[in-house]
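In terms of the numbering used here, the sequence shown opens at residue 171 and continues consecutively.
Built from N, CA and C at the ideal position, the CB exists for glycine as well.
Computed from a predicted model, the values in this text were never measured in an experiment.
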Amino acid sequence: YRTEIGVIGLAVMGRSLALNMADHGFKVGGYNRSREVTENLIKEYPHENFFPFYDMRELVESQERPRKFLIMVKAGRPVDMVIEQLVPFLDEGDMILDGGNSFFEDTRRREKSLREKGIYYFGTGVSGGERGARFGPSIMPGGDREAYEHIAPVLEAIAAKAQGEPCCAYMGPDGAGHYVKMVHNGIEYADMQLIAEAYLLLKYAGGFTNEELADTFSAWNEGKLKSYLIGITADIFREKDDFENGELIDYILDSAGQKGTGRWTSLESLKQGVNVSMITAACNARIMSNQIQQRKMASELIKGPERSGIPDKKAFGEAVREGLYTAKIAAYAQGFSLLSHASGEYGWDLDYGRIAAIFRAGCIIQAEFLDDITRAFRKDKELTNLMTDSFFRNGINNGHESLRRILSTGILNGIPVPAMSQAAAYIDAFRGVPVGASLIQAQRDCFGAHTYERTDREGIFHHDWGQGHV
Ligand code: NBP
């Protein structure tokens with residue numbers, strides 16, 4: 171036999187992962203539906219450990235047993251098509267890993283149907299984009315616990331390393347890996363939106379120039395906000411434009427794309443009954459950003475407030491930093507409570523400390539902050555919301571006033587700050603202040619006899635409101 175693992179789908183991600191495995195000494199067979207892709211790959215990136223195949227059966231026959239395949243094709247129907255083509259050539263005990271961004275319900279279905287055929291299926295979240303895949307991504311595999319031992323050596327070898335530990339760990343059965351990847355992406359949406367709002371506040375309320383923004387974000391990247399996203403943001407503000415004077419950021423159309431994993435997280439959270447309002451706000455912010463024509467037209471019709479200047483730029487910058495950090499705690503609290511709820515719902519027994527630990531390198535949300543999350547979950551395995559951990563509780567207690575102050579500045583200046591606003595609303599509802607539900611219960615009982623409970627006595631009550639008929 172010539173190969174130890176086969177990669178099916180050699181576009182950007184499949185190619186990068188295949189070469190990463192080959193670099194680590196694994197003999198990799200590669201197959202792509204269109205043969206030119208494979209031909210170009212061996213021409214551009216020849217590697218002694220990479221073997222091209224143009225026939226799926228030959229790819230299968232080249233491998234030692236149990237065979238292992240990593241499918242890296244477009245999520246959805248293409249994954250089912252590849253499985254249909256591959257499975258007839260496989261034997262019991264062989265393994266298929268789907269490394270794409272598949273929807274976890276699809277993964278649960280595929281895992282179940284392949285398990286009935288004796289084939290192990292791993293829904294494997296991979297984060298870090300092309301560069302991560304090539305030189306060390308964060309990897310979230312879910313599937314059969316025992317069979318995982320067969321794929322662990324290759325996945326852990328190619329994964330990013332944080333303080334020497336691989337950023338890859340067994341997540342749980344069936345869809346657990348893809349679920350964690352989905353929530354990772356949801357958190358990434360919220361994280362990016364919060365940074366964008368900090369940018370808007372500094373620029374339009376604080377009057378920061380691109381150079382000042384770059385310096386501010388660089389300084390932030392030395393402290394508790396230190397992360398991949400803050401680092402690239404600092405560099406983005408310094409990037410000169412190729413065509414015009416000044417920095418590229420000022421020439422990029424104000425309309426953001428999305429591929430759907432943030433939206434999945436949001437839809438799933440409603441199904442689970444978990445509040446991830448900041449992830450939803452981030453999805454909505456992108457949706458609003460896409461309405462370019464309407465925004466242009468409405469800018470002449472709908473008035474905004476006069477902008478007032480900020481007297482002390484330095485103090486404002488500091489408040490934005492604190493507010494951003496506080497909102498970030500709320501975003502992660504939301505993401506991890508969704509994981510916690512889903513773990514119970516689907517019977518996954520997720521290890522949140524471990525999940526935060528594998529996000530520390532390789533992926534887009536990698537940050538110092540994740541060490542604190544791991545510490546919180548290691549300290550208290552029953553922790554249901556990060557905001558109750560003493561470290562994060564202090565963070566919120568110290569930073570909430572800054573968050574409130576910058577939010578008011580934003581709103582008074584007509585700057586949209588939807589994710590930060592949701593952070594404040596989430597923190598306030600969470601800390602137990604009245605949320606208006608008593609009135610809602612009264613209305614429900616009034617128009618629909620839905621009953622209500624009381625604060626002063628046990629039981630279910632219905633009041634004859636006398637005016638409930640519509
Ligand atoms: P794409 O998502 O662009 O998919 C292209 C690959 O899918 C090509 O190899 C293509 O073959 C193959 N393919 C398609 Br389309 N339909 C097929 C079919 N019916 N049968 C067989 N092969 C088929 O590739 P990518 O950007 O490398 O991403 C791969 C996966 O990784 C996706 O699920 C993506 O969401 C996920 N992901 C991407 C990133 C990223 O940064 N790009 C990060 C993390 C995860 P062809 O060459 O013959 O058309």
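Distances between the C-beta of Ala468 and the heavy atoms of ligand 1 are all 6 Å or more.
With a threshold of 16 other beta carbon atoms within 10 Å, Tyr359 meets it and is buried.
Nearest C-alpha to Gly430 among Ser232, Arg315 and Arg456: Arg456. Nearest C-alpha to Ile402 among Asp424, Ile365, Asp412 and Leu372: Ile365. Comparing alpha carbon positions, the residue from Thr579, Arg247, Thr625 and Arg548 closest to Asp482 is Thr579. Placement of the Cβ of Ser308 at a distance of 6 Å or more from every heavy atom of ligand 1 is found.
Setting aside the 5 residues that flank it on each side, Val296 is surrounded in the same chain by Gly269, Pro307 and Ile309, each with a C-beta closer than 6 Å to its C-beta; the list follows chain order. It is roughly 10 Å from the alpha-carbon of Tyr290 to the alpha-carbon of Phe239.
Boundaries of the alpha helix (DSSP H) harbouring Phe562: Ser560 to Leu582, taken from the DSSP string.
Shortest gap from the CB of Val243 to any heavy atom of ligand 1: under 6 Å.
Just so you know, the alpha carbons of Leu540 and Ala339 end up roughly 15 Å apart. Residue burial annotation: Ser204 is exposed, with fewer than 16 other C-beta atoms found within 10 angstroms of its C-beta.
Bounds of the beta strand (DSSP E) holding Thr294 are Tyr290 to Ser297.
Classified as buried, Gly302 has 16 or more neighbouring CB atoms from the shown chains inside 10 Å of its CB. Beta-bridge annotation (DSSP): Leu240 is paired with Val177 and Leu267. Ligand 1 has no heavy atom closer than 6 Å to the beta-carbon of Arg477. In this structure Asn202 is in contact with Leu180, their Cβ atoms being roughly 4 Å apart against a cut-off of 8 Å. Two segments are said to touch when three or more pairs of C-beta atoms, one from each, lie closer than 8 Å; by this definition the region 518 to 536 touches the region 331 to 347. Counting only runs that start and end inside the region 301 to 375, the beta strand (DSSP E) elements of at least 3 residues fall at 308 to 312. Pairwise C-beta distances place the region 445 to 463 out of contact with the region 476 to 494, as fewer than three of them are shorter than 8 Å. In terms of Cα proximity to Cys337, the closest of Asp344, Pro323 and Pro343 is Pro323. The Cβ-Cβ distance between Ala512 and Met590 does not fall below 7 Å. Judged by DSSP in its simplified three-state form, Ser469 adopts coil rather than helix or strand.
With contacts defined as CB atoms closer than 7 Å, Met352 and Thr435 qualify as a contacting pair.
In this model, Ser572 and Ala489 are separated by some 5 Å (Cα to Cα). Shortest Cα-Cα distance from Leu267 to any of Tyr596, Gly356, Lys197 and His348 involves His348. Rounded to whole angstroms, the gap between the alpha carbons of Leu609 and Asp314 is 49 Å. Taking a 10 Å sphere around the C-beta of Arg433, we find 16 or more other C-beta atoms and assign the residue as buried.
When Cβ pairs closer than 8 Å are counted between the two stretches, the region 590 to 605 is seen not to touch the region 383 to 394, the count staying below three. Ligand 1 has a heavy atom closer than 6 Å to the beta-carbon of Arg203.
Going by C-alpha positions, Asp250 is about 15 Å away from Met226.
Rounded to the nearest whole angstrom, the CA to CA distance from Tyr318 to Gly199 is 20 Å. Counting other Cβ atoms within 10 Å of its Cβ, Ile462 stays below 16 and is therefore classed as exposed. Here Cys453 has Gly432, Arg433 and Ser436 as same chain residues with Cβ atoms under 6 Å from its own Cβ, once five neighbours each way along the sequence are excluded.
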